[in-house]
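**Student:** The numbering of the sequence shown is full-length UniProt numbering, which starts it at 1 and goes up by one. Glycine included, C-beta positions come from ideal geometry on N, C-alpha and C. Since the structure is predicted, the reported quantities are computational estimates derived from the model, not experimental observations.
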Amino acid sequence: MTESRAVGTKGMPREEREAQLIVAGTEEFGRAGYAGASMVEIARRVGVTKPLLYQYFGSKDGLYLACLHRAGDRLTEGVATTMAAGGEPDQMPLKVLSAIFTTFDHDRYAWRLLRDPTVPATGDIAAAAADYRRRLDAFALLGATQLMTSRGLADPVDIEAIAQVWTGVVDSLISWWIDRPDEDAAAMTARCGRIMAGLFGW
1 MTESRAVGTK
11 GMPREEREAQ
21 LIVAGTEEFG
31 RAGYAGASMV
41 EIARRVGVTK
51 PLLYQYFGSK
61 DGLYLACLHR
71 AGDRLTEGVA
81 TTMAAGGEPD
91 QMPLKVLSAI
101 FTTFDHDRYA
111 WRLLRDPTVP
121 ATGDIAAAAA
131 DYRRRLDAFA
141 LLGATQLMTS
151 RGLADPVDIE
161 AIAQVWTGVV
171 DSLISWWIDR
181 PDEDAAAMTA
191 RCGRIMAGLF
201 GW
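(1) Contact check, T76 vs R135 under 8 Å by CB: the rounded distance?
(2) Using beta-carbon positions only, say whether A43 and A71 come within less than 8 Å of one another.
(3) Among the residues of its own chain, which have a CB less than 8 Å from the CB of L114, if the five just before and after it don't count?
(4) When we look at the beta-carbon of G87 and count the other beta-carbons within 10 Å, is it buried (16 or more) or exposed?
(5) Under 8 Å between the Cβ atoms of I22 and I100?
(6) Could you tell me if A85 is buried or exposed, where buried requires 16 or more neighbouring beta carbons within 10 angstroms of its beta carbon?
(7) Rounded to the nearest angstrom, how far is the Cβ of L142 from that of M83, given a contact under 8 Å?
(8) Taking three-plus beta-carbon pairs below 8 Å as touching, is the segment 168–183 in contact with the segment 49–65?
(9) In terms of residue numbering, what span does the alpha helix (DSSP H) encompassing L114 cover?
(10) Within the same chain, show all residues whose beta-carbon is closer than 8 Å to that of D158, passing over the 5 residues directly before and after it, in chain order.
(11) Where A138 and Q55 are concerned, what is the direct C-alpha to C-alpha distance, given to the nearest angstrom?
(12) With a 10 Å radius around its C-beta and 16 neighbouring C-beta atoms as the bar for buried, classify V96 as buried or exposed.
(13) DSSP three-state label for P13, please.
(14) Using alpha carbons as the reference points, say which of H106, A32 and E15 lies closest to P181.
(15) When we look at the beta-carbon of V165 and count the other beta-carbons within 10 Å, is it buried (16 or more) or exposed?
(16) Helix or strand or just coil, what does DSSP make of V48?
(17) Only counting the same chain, and skipping five residues up and downstream in sequence, which positions put a Cβ closer than 6 Å to that of F104?
(18) With DSSP as the reference, label E18 as helix, strand or coil.
(19) Check whether the Cβ atoms of Q20 and V46 sit closer than 8 Å, and answer yes or no.
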C-alpha cells in the first residue's frame, strides 16, 4: 500500500479523510471566519477527534491554508480557463461570473476564505490570501482592459477604476448568493444576465 492510500480512521484512506476535513473546515471558516472557527466543531462534523484533526494538519493555520489553497486554486483556474477561451469582450463578464458560480455552487463558503478579515495580518495565510487576490485583480484588470478598449476607452486609470468596481460587484453578488441555497449556478447566471441586459444592454 502506498503512503497516499494509507488507511486513516475507521479504515478510510487518509486522502479521503483529509478531503472530508477540508470540506468541513471550509464551511466552518466560511461561516465563522478564521478567528471564530472551532476546530472541535470541524472534527465533530466529520466524526473524528480534535487530536486527529491536528495530526492531519498540524494546526488551525495548517487546516485553513489547506482550505484556502483548495478554494483559491479552483477559482483562479476556472477564471483563467474561461478567459483563455476568448470570445466577445461584452460577453466575458457574464462568462466569468458563470465560471465562479459553477466552481462554488456546492461549496459557497469557500469564497469567503479569500477575503476573510479575521485572518492573521502576517504569515503564510496572509501571504497566500494576498496572492490569490492579486491574481483575481489581474484577471479583473485584463477583462476591463479588453472590454473598454473594444469600446474605444484606453485611459489606464479609468480602466483600473472599472476593474476595482467589477471586483466589488463580484464580491457583493457572491455574498448575496451564499445565503440563497435554492438558487443554483445556472439560475444565478441567468439572473446576472438579465441584470446586465437591463443595466447595460449586454
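**Tutor:** By the coordinates alone:
(1) About 5 Å; that satisfies the 8 Å criterion.
(2) no
(3) L68, A71, G72, L75, A129, Y132, R133 and L136
(4) exposed
(5) No, Cβ-Cβ distance for I22 and I100 is not below 8 Å.
(6) exposed
(7) 7 Å
(8) no
(9) No alpha helix (DSSP H) holds L114; DSSP gives it neither H nor E.
(10) M148
(11) 37 Å
(12) buried
(13) strand
(14) Scanning H106, A32 and E15 for the CA closest to the CA of P181 turns up H106.
(15) exposed
(16) coil
(17) A110 and W111
(18) In the structure shown, E18 sits in a helix (DSSP, three-state: H, G or I).
(19) Yes. Within cutoff.
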